[in-house]
Structures are given as structure tokens and as C-alpha cells.
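Below is one structure; the comments refer to it alone.
2 protein chains.
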Amino acid sequence: MLPCQACPLRALSDMREFTPEQLAWISRQKRAEYPHAAGDTIIAEGATDERIYTLLRGWAFRYKSLPDGRRQILNVLLPGDVVGLQAELMSASPHGVEALTEVTLCAFRRDMVWELFRDHPSLALDLTWLSAHGERLTDDVLLSVGRRSAMERMAMLLVLLYRRAASSGLKRPDGGVPFPLTQGHIADLLGLSAVHTNRVLQQLRRQGLVSLKEGVLTVGDLRALRRVADYWEQPAPRRPLL
Amino acid sequence: MLPCQACPLRALSDMREFTPEQLAWISRQKRAEYPHAAGDTIIAEGATDERIYTLLRGWAFRYKSLPDGRRQILNVLLPGDVVGLQAELMSASPHGVEALTEVTLCAFRRDMVWELFRDHPSLALDLTWLSAHGERLTDDVLLSVGRRSAMERMAMLLVLLYRRAASSGLKRPDGGVPFPLTQGHIADLLGLSAVHTNRVLQQLRRQGLVSLKEGVLTVGDLRALRRVADYWEQPAPRRPLL
DNA sequence: ACACCGCATTAACACATGTTATCGTTCCGG
DNA sequence: CCGGAACGATAACATGTGTTAATGCGGTGT
């Protein structure tokens, strides 16, 4: 089991520095590393879980669904994101979490949150930061789904995920980044049908703005893609990691 | 200026109990009460504010907008909700906040959050709870906007706001609750055009499910409305108030 | 080798929702 | 008292997006 002091995520450029004491404490709290296969349900909607997690490796997403099976993806989770934290610390999860790729989770006891707030205020603030940060991303998704055209949503999504993946250290030598979402996932994330998702994606491809095949996303013309999305980028803040 | 110990919101049935010490501390932190008129911008998008607030009286909403003016309402704020808290404690607000009615805000210094985490872990947890709870509501909005039909969204919204308003102690003797959203607001919240919002609302009216006039919402047939929304209600949790 | 299943692609068609326009009412400021 | 602005209602029309269906391809289990 990897000690947190040696966590490869800490080396990323946008990670906040922690003190050795903080790192040691976190590492002591770490209970296990759980592997999951792509497609696994990590937390089912409405389930309760003794643990909370940090995503160490791989991609996942949060979602909610309706009784008849329609599903909305709320947010894509990348390494460093917290999984399973919610307002009601000890009750049923209001959303599900599913793995997009093979995934490794660092597990902590749920009660750790109490001790963390009691004994490590600065870490508690970090945890709140992470949770609030994830929600900010969901706000952006809502803005897209509610008010942007399908084309704009798609461009937006690709720009954002390209950037997030790149800053998670996933950029490949040829400039592409891994992109494990199927068109079905994209549809559920953007609030579109799978067919229309394909139509819109084809348009972007034909215009040479993006290439997306075999799970690799390459952006041909980032400037143009941003123009389509009518989006200008804010600088990424430094983030904590628990 | 109202001392927090005497805050009328504390009397609501779904409020958590606080110790006298906690109440005294919060009350000492309270800096001012700010009034705002209906329609006022409380926090502009991208603005920075020295303070954070608790909504004491009135309705407000969080929103994000696009350069060309399209706007998405993220969430409706009712008394007891926290205003102006965000991940980047000291940076620009990623969303705006606007008053729907006359509003009164309790103001706190932003640094208070630091002291709160350092000296009052239990309150810090409450603050995190409130922030996460607000975001859960936004998740529900996203599910609606992304995956429900216009009709379902409308029914959903009315059921939820009816319930929230009622549990905030706003139910009138005739069974109605105040409903200060214009159809334009509803459209921005549900991701619809104003015209279509009106169409859908008329349908619900003609079926006798709701009445909505002069700022008062009355639900004629709650059971049927829930059926339209395909929604079954979870019990409301006990909430903290800062 | 075969059948099967998930995923991507495309076409034809249907329809929910958006757009533009007009009108009435109320309210407010000059 | 009048003019304008905000809001609500409705109609006619336009279109973006959903639905259904068929096809091909690659992987996987038997």
C-alpha cells in the first residue's frame, strides 16, 4: 500500500504543499487501496458506505438517475478528487459513482472526517475546498446543459476535459490525452441523446477541431474550439490533496 | 441588530440545536444586517466580497451567465442558507447572487471561516454541511434540466419549492406559499424559454394541479403533481444554522 | 469459427421546444 | 394624465434535438 508521502499525485504542479506532519497523519488514516474495473459501480445511488475515498488512479463519474432509467452525469472525477463525501455524513448517498476506467481508490474510515475537523483544522478546510471545488464544476455543467446549444456544450466539454486531463499529468507525447468516455457517457453528461451527440461530434471532426478515437482525444485547434464554446479560461488554482 | 440567540429561524422544526456557547460565539461574529431590495444584485459574478452572509429573510438565487446574456439559475436560496461561501475563500465569486424579494442578510467577516475551523470544529462541520447541502439541490436541478421533459421539470420545481417554502415556515393559512419567481425566473431555472414556460404552466393550471397568481403558489393536487414529476420524496434531514 | 453484444455511424422522420410577434394589464415616473 | 417598462398570455411558425431503425465493426465467450 502506497504511503501518502510517496503519492505520485503530490508531484503535480498544481498541488498545494503539505507539511510532513500532515502527510504522516493522512497516511496513518489510510486503510486500504481498492481496485475497480471499468464500468464498476463504486457507490450505488442510495447506498451507504463505511468509507470515503480519494481517487488515486483512473477516471470515474458521479451521476443521478430517474426511475425509468434516464441518467444524468453530474461531474467527471479525476485523480485527486474525493469520492463519497456528502452533506449527510452518515446517510445514503444522494448520487452514484461509477468507474470509467480501471480505478484505484484510497479508502478512509468515514469517522476520520470527525477527527480531521477536531484535530486538523487546516486539513478540514482543504477537505471543504475539495468538496466545494467539485461542486463548482457541476455548476458549470448545469450552465452548459441549461443554456448552451448542443454544439457549444460539446466544445466546452472537450476543452475542459482536455485541460483537466492535461493538468492531471495525463498528456501524451503526441499531444493527445486519454478520453475514456463513450458517446453514451457524453450524451448523459451533456443532456443529449446518443444520436445527437454523434452528429455534433462529427461536425467538430469534419471541421478539424478535434480528433477522438480509440479513447484518445486530440485537439486540432484549441483556439477555434474555445471560440465555439464561447468560453475563456480562468487560471487554475492551486489545489489540496487528501 | 438581532442577536443570533433570538433568531426566529432557530425555532423552525428542522433546525439542529446549538449550545449556548456556540450561539454566543456566532452572535459575536455577526457584523451587520444588510437589507436589499427585490431585484438587487447581492454578489455580482466575478466580484470579490469581504464578507459572507446568512440569508435571514427573503428569497434569493445563485446564477451563472454567458457573455451574450443567457443565464442559468443554479439554485434558489431561502432563509437559513449561506451566501457567498466558495472554494477559493478569498477570490472572485464563480457565480452571482440576486435577491428575489426584499431580503435581509446577516454579515460575517470572511476570515471568520478560518477561526471557525480552528476553534469550533463542530461549527465548521456545520458550515460544510450547509455548503454541501446547497450543492445537492443543484445536483437535482441538473438532473431535471438534463433529463426531464419541460412538464416534468415544472412539476418537480413546484413540488420542491412548495415543500421548501412550507418547511421554512412560510405556509399561509389558506395553504398557499409565497412564490416570488416570475415566469422568466422559472425559465432560467429550468433551462426553458419564457414562452414555453408559460405554455407548460398553463397546462398544469388547466388540469387544476396548481394555482399560481400574485406571487402565491397553491397546490391543488399534490399527489398528482408528484406523479407528473415522477418524484417521490425523501424525508428532510435536520439542518444546522450559522 | 461462430454468435453475440456494445459501440459508433447514418438516414428518415417526429415532435418538443425555441423564436418572433402581438396584445392586455398593471405599475410607476414624469 | 400620459408614456413606457415589466410581466403574462397566446398564436404562428421555425428548428434543434429526440426517436427509431438499419448497418458495420471489433471484442469476447463458447
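If you read the protein sequences in the order shown, they are chains A and B. The opening position of the first sequence corresponds to residue 1 in the working numbering, with each subsequent residue numbered one higher. The opening position of the second sequence corresponds to residue 1001 in the working numbering, with each subsequent residue numbered one higher. All residues carry an ideal CB built from backbone N, CA and C; glycine is no exception.
Residue i - DSSP class collapsed to helix/strand/coil
{"i": "R1148/B", "result": "coil"}
{"i": "M254/A", "result": "Residue coverage of chain A in this structure runs from 1 to 242, which leaves residue 254/A outside it and unanswerable."}
{"i": "P3/A", "result": "coil"}
{"i": "Y1162/B", "result": "helix"}
{"i": "P1121/B", "result": "helix"}
{"i": "R227/A", "result": "helix"}
{"i": "L1212/B", "result": "strand"}
{"i": "T1182/B", "result": "coil"}
{"i": "A1060/B", "result": "strand"}
{"i": "R239/A", "result": "strand"}
{"i": "L217/A", "result": "strand"}
Opening and closing residue of the beta strand (DSSP E) in which residue i lies
{"i": "H1036/B", "result": "K1030 to H1036"}
{"i": "F108/A", "result": "V103 to R109"}
{"i": "L55/A", "result": "R51 to R57"}
{"i": "T48/A", "result": "No beta strand (DSSP E) holds T48/A; DSSP gives it neither H nor E."}
{"i": "T41/A", "result": "T41 to I43"}
Segment limits, alpha helix (DSSP H) that includes residue i
{"i": "L1204/B", "result": "A1194 to R1206"}
Whole-number beta carbon distance between residue j and residue i, since they are thought to touch under 8 Å
{"i": "L1225/B", "j": "V1210/B", "result": "7 Å"}
{"i": "T1197/B", "j": "Q1207/B", "result": "About 16 Å; that fails the 8 Å criterion."}
{"i": "P79/A", "j": "S168/A", "result": "6 Å"}
{"i": "F1117/B", "j": "I1052/B", "result": "Not really, about 13 Å apart at Cβ, beyond 8 Å."}
{"i": "T1054/B", "j": "V1083/B", "result": "7 Å"}
{"i": "P1178/B", "j": "G1215/B", "result": "6 Å"}
{"i": "W59/A", "j": "L77/A", "result": "7 Å"}
{"i": "H36/A", "j": "I42/A", "result": "6 Å"}
{"i": "P240/A", "j": "R57/A", "result": "That belief does not hold up - the Cβ atoms of P240/A and R57/A are roughly 19 Å apart, past 8 Å."}
{"i": "R1062/B", "j": "H1095/B", "result": "5 Å"}
{"i": "T48/A", "j": "T1128/B", "result": "Not quite, the Cβ-Cβ distance comes to about 19 Å (not below 8 Å), so this is no contact."}
{"i": "G134/A", "j": "D81/A", "result": "6 Å"}
{"i": "L1212/B", "j": "L1222/B", "result": "The pair is not a contact, with the Cβ atoms about 14 Å apart (cut-off 8 Å)."}
{"i": "D1126/B", "j": "L1217/B", "result": "About 30 Å; that fails the 8 Å criterion."}
{"i": "V219/A", "j": "Y162/A", "result": "5 Å"}
{"i": "S1131/B", "j": "A132/A", "result": "6 Å"}
Which full runs of the beta strand (DSSP E) of 3+ residues lie inside the region 66-101 of chain A, going along the chain? 71-77 and 96-99
Say whether the region 1142-1156 of chain B touches the region 1059-1067 of chain B, bearing in mind that this needs 3 or more beta-carbon pairs closer than 8 Å, one atom from each stretch. no
Does the region 1161-1175 of chain B come close enough to the region 1089-1096 of chain B to have 3 or more Cβ pairs within less than 8 Å? no
Would you call the region 121-140 of chain A in contact with the region 1157-1166 of chain B, where contact means no fewer than 3 C-beta pairs closer than 8 Å? no
Please determine if the region 1133-1141 of chain B and the region 1093-1102 of chain B are in contact, where contact requires at least 3 C-beta pairs separated by less than 8 Å. no
Please confirm if the region 1001-1008 of chain B is in contact with the region 1020-1032 of chain B, defined as three or more CB-CB distances below 8 Å between the two stretches. yes
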